[in-house]
Each structure stands twice: as C-alpha cells, then as structure tokens.
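Using the working numbering, the letters of the sequence shown map in sequence onto residues 2 to 462.
Ideal Cβ positions, reconstructed from N, Cα and C, are used throughout, including at glycine.
Treat the numbers as computed from the prediction; the structure is a model and nothing was measured.
Have a look at the structure below, then the notes.
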Amino acid sequence: MSQPISKTQSWLTALSVYTRPQALRMFFLGFSSGLPLLLVLGTLSFWLREAQIELSTIGMVTWVGLAYGFKWAWAPLVDRFELPLLGKLLGRRRSWLLFSQCVVLMSLMAMGFCDPQKNFGVMICFTALTAFASATQDIALDAYRIECAELSEQAALAATYQTGYRLAMIWAGAGALALAAYFSDNSLAYDPQAWHLAYCVMAATMLVGISTVLLSPEPQQGAKHETQRQTIARRQLCQKKHPFWSEKRVHLSVWFYEAACLPFIDFFSRFRWHALIILLLIATYRISDVVMGVMANPFYQDLGFTKQEVAAVSKVFGVVMTLLGAFIGGIISAKWGVMKTLFLGGLLSALTNLLFSWLALQGHHLPYLVMTVSADNLAAGIASVAFLAYLSGLTNVAYTATQYALFSSVMLLLPKFLAGFSGFIVESIGYSLFFVSTALMGVPVLVLVVWAARFREKVKS
C-alpha cells in the first residue's frame, strides 16, 4: 500500500519545476528579451532630455516602439521560415533567436556611438533597428517557450521568464542611468561620452542571451498527425483547383495560408462579432500606463530629480513593487477570477495616474515620488497578471505563437501611437492636466471589461 503524500512533499514537488533546465534557460532568455525595451524608450528619453531635445520630439521618438505593435505582421515568417545556414546549424527557433540578438547587440552599440545633438537622425535609425530586432526576438522566444516544455510547465517557464525580464528592466533602467552618472564628467551639464559608454555596456550584456541560445537545445518540433493530414489535403485541393501550378507554387500557397491566414481565421470564427470587442479591450487596456509612461522620465528630470534618485526609486524600487503587484494579482485572480481582477487592475492603473498629477503640483519631493511610483507599479503588476491570464485564455494552442503575437501587438499599437503626441500635450497643458487626461483614458476601458465579462459568462453558460 502506497504511503500518502504529505502537503510538504506536494509543495516541494510543485516547486521543483523551477530547478529544471527549461525554467533556468527561460530566466536568462527573459533577461535578453527585457533588456532592449527601456533602452529604446524610457532610458533613451532621459538621455534625449538631458541633451536638450524638445519634449515633442521625444514623444515622437517613442513611435519606434510601434515595432512591438506590428510584430504580428512578420510573426508567421519567424514562425515558419528557416534561416539559411543558421537554421541548419541551430534549428529554426534558435537561429531566429541568435540572429535577432546579434542585431540587437550591434544596433545598441551603434546607438552608443551616436550623439543626439550632432547626428540625431542616424541615432533614431539605429533605435528603430533595435526595436525591430527586439520585437523579432520576442516572437521567436514566445514560440521557443511554448515548444520546449509541456503545458503543465508553461506557468513555471512564464514565471522565470518574467523574473529575468524584470531584472533586465532594472539593469537597462537603473543600471544604465547609474553607469551614465558614474562615467560622466560632473563639470559638464551634458556628457555624451558617459552615455556612449553606458550603452556599450548595455550592448555587451546581450551576450547573456546569446550564450544561453548557443548552450540550449532546439525544441522538438513536428506537426501533429491531424495537422499534417490537413496540410496534405489542402495541397491536393489547391492542385485540383489550379492544375497548371507547379508543385513549388502549390506548397508556397498552402504554406502562406496556414502561416498567415489560419491563425486569424480561427480567432474570428471562434468569437465572431465579439472578436471586435475583445480586440478593442486588448488595444486599450494599458493605454493609461503607456501614454503616461512616455513622459515619466522627462517629468522626473523637469522636477529636478537626479539620475541617482530616479534610478533608485523608479527603476529599482518600482520594479520590485511591480513584482509584488504581480504576486498579489495572482492571488486575487485565483480568489475572484480573471475578469474581476482585470477590472481592478484597470481601475487602479487609472487612479494611480492621478498621483502623478498631484506630484506635479508638489514639485521635487523624494518621499512623494516613492509613494507615487510604489502605488503606480503595484497597480501595474496586478493589471499585468490579469491581462496575461486573459490573453492566454483567448489563444488557441494550435496557433499560439502567431495569435499571441497578434494580441501583444494590438495591445501596444494604439497606446504607442497616442504616446507619440504626449510631448505636444504636455507642452500645451502642463504635466498635471496631462496625467489627469491619461487617467480619464482608463474609464472606457472599464466599460469594455464589463462588456467582455458578460460575453465570457454567456459562453460558459
């Protein structure tokens, strides 16, 4: 007769998944994924503001982040196409990861050798290249994460990925600012050489992800029998309809249909007209945070906060509070459900923007900054967990990589576009009213959450 498993043993068994090689690899790959984001958005905006670049220009520079919003457009290519030479040596997933990581490294290095006061246009070109390569890395990494482990291990992989990602954000935010302060000549109001060195160090840390890819195995791929059968049937049907087409053309036509069309057809066929509501919710859920966040670093600098203060409070302490919020959000989701937590996260994200409006009226006050950033990041952590759970529930496992790229792209597209005008708005109405306006952007989102929740209940019933 087998001995009953104690609660302690069951917990230890559950926690042991985090010690498996797949989970550890995702920690380092998550670091590689999170590193470029702030270097082309938040940290870069601090650099540009210190170089006396106008707020309206800084706001428009953030449009390079639209690369993350359009990654659905080339996700099918990354998902299905094998790179020449590298693909044969490393496999489809690892070759795309290595290629995109190398491009990120070189473009970050090139950004480091630019001075926005002298060659602003060239710098923005390399910034856009970095964003494009970073978005490509995210597509390949999503596919790699899904294929390298069983469904039961995906939560653990996501957790270690998020931990590495957040640590990278600390390094790319607080680390880059601290390095720029360390290398700077205190006698100069603006020292471009300090930023050059800081960005070169950031580029070098991409070697963490590159090394991980080289030391990791290619995930076992291969379509399921049913998928293979459907592909053969589609090729036969295509050949029947177009008897004069070559075999190569038939294969290419079927490949394009399965890679670029079927994931989207599946989504709209499952949700029908409700898909429009879902996409609208996805497109607007993080709008308050994204539009507000673009002006956060210029706001801190204009209030007189130093790089060291911003690094300590906003980049280090803020990220820690985000992780705490994520932990709390997970507990609330388990207790109340995803949709109620989604509503709570959207509400808190909008309300905490009002704290920034209040801080704008108070001026330079470090304890108030700590309180504002803490509340904002705690709310962001709760909202992020709920939103990730919601997106996961929408995805069909047969098209996870492409559909997840679609959802994450839609999530950023509208907010990033509107964020490009944030500098003009601040220059027109000031910081305080700007933050109030971003809070009001969250009101329609709450209506959409309620609407989507009602549809979700109808589907269940």
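Run of the alpha helix (DSSP H) containing residue i, from where it starts to where it stops
{"i": "residue 61", "result": "56 to 62"}
{"i": "residue 500", "result": "Because the chain here runs from 2 to 462, residue 500 falls outside it and cannot be looked at."}
{"i": "residue 292", "result": "288 to 295"}
{"i": "residue 42", "result": "Note, residue 42: premise wrong, no alpha helix (DSSP H); not H, not E."}
{"i": "residue 247", "result": "Careful: residue 247 lies outside any alpha helix (DSSP H) and carries neither H nor E."}
{"i": "residue 354", "result": "339 to 363"}
{"i": "residue 197", "result": "193 to 205"}
{"i": "residue 442", "result": "Run containing residue 442: none; DSSP gives neither H nor E here."}
{"i": "residue 148", "result": "121 to 148"}
{"i": "residue 69", "result": "67 to 70"}
{"i": "residue 93", "result": "93 to 113"}
{"i": "residue 268", "result": "263 to 272"}
{"i": "residue 86", "result": "Per DSSP, residue 86 belongs to no alpha helix (DSSP H) and is neither H nor E."}
Same chain, Cβ closer than 7 Å to residue i, five either side skipped, listed in chain order
{"i": "residue 364", "result": "304"}
{"i": "residue 168", "result": "32"}
{"i": "residue 272", "result": "279"}
{"i": "residue 39", "result": "170, 173 and 174"}
{"i": "residue 381", "result": "290, 323, 326 and 350"}
{"i": "residue 428", "result": "56 and 57"}
{"i": "residue 186", "result": "192"}
Proximity to residue i [Cα-Cα], best of the options
{"i": "residue 254", "options": "245, 236 and 241", "result": "236"}
{"i": "residue 433", "options": "131, 355 and 141", "result": "355"}
{"i": "residue 343", "options": "332, 384 and 380", "result": "384"}
{"i": "residue 1", "options": "187, 403, 447 and 330", "result": "Because the chain in this structure spans residues 2 to 462, residue 1 falls outside the shown range and cannot be described."}
{"i": "residue 132", "options": "405, 83 and 66", "result": "66"}
{"i": "residue 198", "options": "210, 212, 189 and 183", "result": "183"}
{"i": "residue 1", "options": "282, 449, 212 and 419", "result": "This structure does not reach residue 1, given that the chain is present from 2 up to 462, and the question cannot be answered."}
{"i": "residue 346", "options": "442, 386, 328 and 366", "result": "386"}
{"i": "residue 501", "options": "213, 84 and 450", "result": "Outside the shown range of the chain, which is 2 to 462, sits residue 501, and nothing can be said about it."}
{"i": "residue 90", "options": "307, 362 and 218", "result": "218"}
{"i": "residue 128", "options": "105, 445, 147 and 75", "result": "105"}
{"i": "residue 367", "options": "234, 353 and 313", "result": "313"}
{"i": "residue 46", "options": "164, 299 and 187", "result": "299"}
{"i": "residue 329", "options": "352, 417, 249 and 379", "result": "379"}
{"i": "residue 282", "options": "50, 414 and 80", "result": "414"}
{"i": "residue 220", "options": "395, 147, 377 and 459", "result": "147"}
{"i": "residue 287", "options": "371, 75, 439 and 246", "result": "439"}
{"i": "residue 453", "options": "388, 429 and 416", "result": "388"}
{"i": "residue 285", "options": "84, 459, 442 and 336", "result": "442"}
{"i": "residue 164", "options": "102, 30 and 247", "result": "30"}
{"i": "residue 295", "options": "107, 416, 119 and 246", "result": "416"}
{"i": "residue 203", "options": "274, 84, 102 and 119", "result": "102"}
Same chain only: Cβ atoms within 6 Å of residue i, ignoring 5 sequence neighbours per side
{"i": "residue 1", "result": "Residue coverage of the chain in this structure runs from 2 to 462, which leaves residue 1 outside it and unanswerable."}
{"i": "residue 193", "result": "116"}
{"i": "residue 37", "result": "105, 131 and 135"}
{"i": "residue 392", "result": "408"}
{"i": "residue 358", "result": "433, 436 and 437"}
C-alpha distance - residue i paired with residue j, whole-angstrom precision
{"i": "residue 175", "j": "residue 239", "result": "55 Å"}
{"i": "residue 390", "j": "residue 124", "result": "37 Å"}
{"i": "residue 457", "j": "residue 206", "result": "43 Å"}
{"i": "residue 149", "j": "residue 172", "result": "27 Å"}
{"i": "residue 126", "j": "residue 142", "result": "24 Å"}
{"i": "residue 9", "j": "residue 332", "result": "Only weak support is given to the placement of residue 9: the predicted model assigns it a pLDDT of 49, under 50, and the value that follows is read from those uncertain coordinates. Rounded to whole angstroms, residue 9 to residue 332 spans 20 Å at the Cα level."}
{"i": "residue 73", "j": "residue 407", "result": "5 Å"}
{"i": "residue 61", "j": "residue 262", "result": "32 Å"}
{"i": "residue 301", "j": "residue 315", "result": "9 Å"}
{"i": "residue 28", "j": "residue 130", "result": "25 Å"}
{"i": "residue 226", "j": "residue 78", "result": "Confidence at residue 226 is low in this model, with a pLDDT of 45, below 50, so the placement of that residue should be treated as unreliable; the coordinate-derived value is given next. Whole-angstrom Cα-Cα distance: 22 Å."}
{"i": "residue 34", "j": "residue 426", "result": "31 Å"}
{"i": "residue 209", "j": "residue 447", "result": "40 Å"}
{"i": "residue 214", "j": "residue 412", "result": "28 Å"}
{"i": "residue 21", "j": "residue 431", "result": "51 Å"}
{"i": "residue 52", "j": "residue 307", "result": "15 Å"}
{"i": "residue 122", "j": "residue 319", "result": "32 Å"}
{"i": "residue 135", "j": "residue 82", "result": "18 Å"}
{"i": "residue 276", "j": "residue 189", "result": "54 Å"}
{"i": "residue 191", "j": "residue 309", "result": "15 Å"}
Close beta carbons around residue i, own chain, < 8 Å, minus the five adjacent residues each side
{"i": "residue 48", "result": "117, 181 and 196"}
{"i": "residue 251", "result": "236, 239, 240 and 243"}
{"i": "residue 200", "result": "40, 109, 110, 112, 113 and 177"}
{"i": "residue 455", "result": "none"}
{"i": "residue 44", "result": "173, 174, 177, 178 and 298"}
{"i": "residue 99", "result": "87, 91, 211, 214 and 215"}
Integer Cβ distance of residue i from residue j, believed to fall under 8 Å
{"i": "residue 410", "j": "residue 69", "result": "7 Å"}
{"i": "residue 505", "j": "residue 97", "result": "The structure shown does not extend to residue 505, since the chain is modelled only from 2 through 462, so no value can be given for it."}
{"i": "residue 422", "j": "residue 293", "result": "Not really, about 13 Å apart at Cβ, beyond 8 Å."}
{"i": "residue 424", "j": "residue 59", "result": "6 Å"}
Contact test: residue i Cβ vs the ligand GDP heavy atom, cutoff 8 Å
{"i": "residue 241", "result": "With respect to the ligand GDP, the structure offers nothing, as it holds no ligand at all."}
is_contact[residue i, chain D] using C-beta, thresh 9 Å
{"i": "residue 213", "result": "The chain inventory of the structure shown lacks chain D, comprising one protein chain alone."}
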